[in-house]
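All remarks here apply to the structure that follows.
Protein chains: 2
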Amino acid sequence: MNPTILVVEDEPAIQELLAVNLKHAGFLVARAASAEEGDAVIRAALPDLVMLDWMLPGQSGIALARKLRADERTKELPIIMLTARVHEEDKIQGLEAGADDYITKPFSPKEMVARVRAVLRRRSPHLAGEAINIGGLKLNPATHRVTSGDQNIELGPTEFRLLFFFMTHPERVYTRAQLLDDVWGDHVFIEERTVDVHIRRLRAALEPYGHHERIETVRGTGYRFRGN
Amino acid sequence: MNPTILVVEDEPAIQELLAVNLKHAGFLVARAASAEEGDAVIRAALPDLVMLDWMLPGQSGIALARKLRADERTKELPIIMLTARVHEEDKIQGLEAGADDYITKPFSPKEMVARVRAVLRRRSPHLAGEAINIGGLKLNPATHRVTSGDQNIELGPTEFRLLFFFMTHPERVYTRAQLLDDVWGDHVFIEERTVDVHIRRLRAALEPYGHHERIETVRGTGYRFRGN
DNA sequence: AGAATTTGTGACCATTTTGTGACAGTCCGG
DNA sequence: CCGGACTGTCACAAAATGGTCACAAATTCT
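Residue numbers (my numbering), protein chains in the order written: chain A, 2 to 229; chain B, 2 to 229.
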């Protein structure tokens, strides 16, 4: 359902930045810190798109791109190159190597995500994220907006992520632990009850529009978003 | 409730990729980086399926597979092998070792998840997250919903667990002690008559839909869920 | 039939689980 | 450096659930 994106980037901070924003946009993210590692991951499991840093320790990103294009199995794999700057000659090299798009640092996260969507859409339209509409409650991942009819619903960041997760996984019950894992991130140490509080805040925000009852409590287990 | 999958894979990036996609599909994921570690994990807590890399440092995956098949307690444990390529001879070895399916690298994450579901479904449908349907009474473990036709049946947590147990073990008589063990958990100290009360509550909840008579009393012994 | 067992039922209350409001720390833009 | 937005925790309130009990009803045994 959700596309998997492989991020090949040696700088931890930038890798993290990319990963967070992509996850936030609903993508699944795999990471690699070097071209070799990226190559290994790709040989094991084809992602839907590769985001490849131009400059990598050891084998360069562009070399990996060429290699991918040369292999029958990865010929079609979309590639986005990350570069400090694109000179004309780099561009030519890159086009040769077969990148589908470039993103130059520094980049805005929103733009980055938009580029990823654009490339995915070109390859296979259904992978790109469209606005989700469930019973009149609309969430647009691209514009980061939640609306009901023409009314704008203001949400804090966490509320937004929570609602996004629910709307992309309707009808299914999630425990507090699972929600912490999926919405907050794996390694955090947060009280499970904190989830309750955010559920409440989200409900309060949706309440004026009547959508609050979509978030159902499943006693003894967790919460569920009613998808119909 | 959600099936647990043990991933035995030494390559961190691939392990992560597997884990991310499996979690996303609603599975709980345990990890091990070597056959030995995997073995230990399995002995500590039986997962519902093992995804086993063919090539592992030290003891090979295939050796672990054989070992699992040889042990009475893990004889039935579904195994999916991850291989770089399957030669005919590997296949024979693998079949001997008792793998239920193979996934050859590179694989697409979506396909991988589909395979896992397929294997689980073969063993026991409800583990694949499928609803159980007995005579029009439907129980969906993923959404934690019980329905008859399009009517929603509200159940408390214990009632739900009890019904789940019955529906996954129809046609068989259970004593109160066995039910306490299986539905409540081993170590509890609860009056046996308490089971009767919950049976009654469950019957009451099912009664408006005519399914109450499925729960049959076997005098002098216990209860049975009629499976057809 | 009458007594003895076993199971069904309704009610009660303690415990557990969830909802809510408040609060203090952090982060960020101005 | 200030003020506002946002988050994670707490403590307490509200709700629901769960285990028992006492008694009724049903079944079996003499």
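Glycine included, each C-beta is placed from N, C-alpha and C at the ideal position. For clarity, every value in this text was computed on a predicted model and none was experimentally measured.
Pull up the distance between the alpha-carbon of B/A46 and that of A/R122, whole angstroms please.
43 angstroms
Proximity below 8 angstroms, CB of A/A66 to CB of A/L53:
yes
Cβ neighbour criterion (16 or more within 10 Å) applied to B/H127:
buried
Anything in chain B within Cβ reach of A/V219, meaning under 8 angstroms, just list it in chain order.
H145
Below 8 angstroms between beta carbons is the criterion; list the residues of the region 19-33 of chain B that meet it against any residue of chain A, in chain order.
L19, V21, N22, K24, H25 and G27
Among the residues of its own chain, which have a CB less than 7 angstroms from the CB of A/G228, if the five just before and after it don't count?
I135, P171 and E172
Could you have a look at A/D102 and say whether DSSP puts it in helix, strand or coil?
strand
Could you check where the beta strand (DSSP E) with A/D49 kicks off and where it finishes?
That residue, A/D49, is in no beta strand (DSSP E); it is neither H nor E in DSSP.
Does the beta carbon of B/L65 fall short of 7 angstroms from some heavy atom of the ligand ATP?
The ligand content of the structure shown is nil, which means the ligand ATP is not present either.
Cross-strand partners of A/R225 (DSSP beta bridge):
A/V174 and A/E217
Can you check whether the CB of A/V219 is closer than 8 angstroms to the CB of B/H199?
no
Could you give the C-beta distance for A/V184 and A/R162, rounded to a whole number, given that I count them as a contact under 8 angstroms?
5 angstroms
Three-state class that DSSP yields for A/N22 in the structure shown:
helix
Going along the chain, which residues of its own chain have a beta-carbon closer than 8 angstroms to the beta-carbon of B/G99, five neighbours each way excluded?
A66, R67, L69, R70 and I80
Going along chain B in order, which residues have a C-beta closer than 7 angstroms to the C-beta of A/L140?
Chain B residues near A/L140: none, gap ~18 angstroms exceeds 7 angstroms.
State buried or exposed for B/G130, treating a residue as buried only when at least 16 other CB atoms are found within 10 Å of its CB.
buried
How many Å lie between B/D101 and A/E208 at the Cα?
49 angstroms
Measure the beta-carbon distance from B/F165 to B/L140 and round it to whole angstroms, keeping in mind my assumption that it falls under 8 angstroms.
6 angstroms
Starting from the Cα of A/Y210, find the closest Cα among A/I43, A/Q16, A/N153 and A/F226 and give me that residue.
A/N153
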